[in-house]
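Participant:
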Amino acid sequence: MKTIVLSFSRQFPKYHPKAGKETKFVENILEDIKLTTIRGNYNRWLDIADKLDAGTHFLSLRYWSNKPYRSKQVEFEKVFKIDLKEVFITNGINGFQITINDEYLYYNDQVALAKKEGFEELEDFKNYFKEESFSGVMIEFLKVTSVF
361 MKTIVLSFSR QFPKYHPKAG KETKFVENIL EDIKLTTIRG NYNRWLDIAD
411 KLDAGTHFLS LRYWSNKPYR SKQVEFEKVF KIDLKEVFIT NGINGFQITI
461 NDEYLYYNDQ VALAKKEGFE ELEDFKNYFK EESFSGVMIE FLKVTSVF
């Protein structure tokens, strides 16, 4: 079985108002609070989902042991099945807007999504996706095995 790596940062990035503080993404995944992750490149993830469904690959969820891209990665979960939803996020003159599979999310749904993504508040989520527009995929972890 082949491995596909999916990395999570344990600290907010430099551009975020909470830069350097703990994201708690890893802990939230382990506690089944963070059930999804949003990433770019929808078509790539369609291909990965097919490989997981075929049973030839699995996702290795990892975090950086120290500085991202400059330290060793530590595996904390294995995922064997995912569900995908297409995501568009805009943050411009019309405010912060999210659509998932062409369904517009109103404020309360945005708050719920931010919690599902492991953020304490919607503002943290908004600041994480600070680009004017983002097109990607929401990946839901369906079949998970802890490595601890």
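Residue numbers for the sequence shown follow the working numbering, beginning at 361 and rising by one. All residues carry an ideal CB built from backbone N, CA and C; glycine is no exception.
Quick check on this structure: which residue in P377, P373 and P428 has the alpha carbon closest to the alpha carbon of L366?
Facilitator: P428
Participant: Note down the Cα distance separating K492 from Y402, rounded to an integer number of angstroms.
Facilitator: Per the sequence presented here, residue 492 reads as Glu, with Lys not at that position. One C-alpha to the other measures close to 18 Å.
Participant: Taking 8 Å as the cut-off, does the stretch 377-390 touch the stretch 399-419 (at least 3 CB pairs, one atom from each stretch)?
Facilitator: The stretch 399-419 is not in contact with the stretch 377-390.
Participant: For F479 versus I449, is the C-beta distance shorter than 8 Å?
Facilitator: Contact flag unset, no.
Participant: Identify every run of the beta strand (DSSP E) within the stretch 390-435, keeping only runs that are complete inside it and at least 3 residues long; order them along the chain.
Facilitator: 396-400 and 417-424
Participant: Starting from the C-beta of G559, find all residues in its chain whose C-beta is less than 7 Å away, skip the five residues before and the five after it, and write them out in chain order.
Facilitator: Here the chain comprises residues numbered 361 to 508, so residue 559 is not present and cannot be evaluated.
Participant: Give every residue of the same chain whose Cβ lies closer than 7 Å to the Cβ of G496, excluding the five residues on either side of it in the sequence, and list them in chain order.
Facilitator: I398, R399, G400, N401, Y402 and V447
Participant: Return the Cβ separation of K394 and F385 in integer angstroms, given the expectation that the two are a contact with Cβ distance under 8 Å.
Facilitator: Rounded, the Cβ-Cβ distance is 6 Å, consistent with contact.
Participant: For S495, list the residues DSSP reports as bridge partners.
Facilitator: F448
Participant: Buried or exposed: where does R422 fall if 16 or more other Cβ atoms within 10 Å of its Cβ makes it buried?
Facilitator: buried
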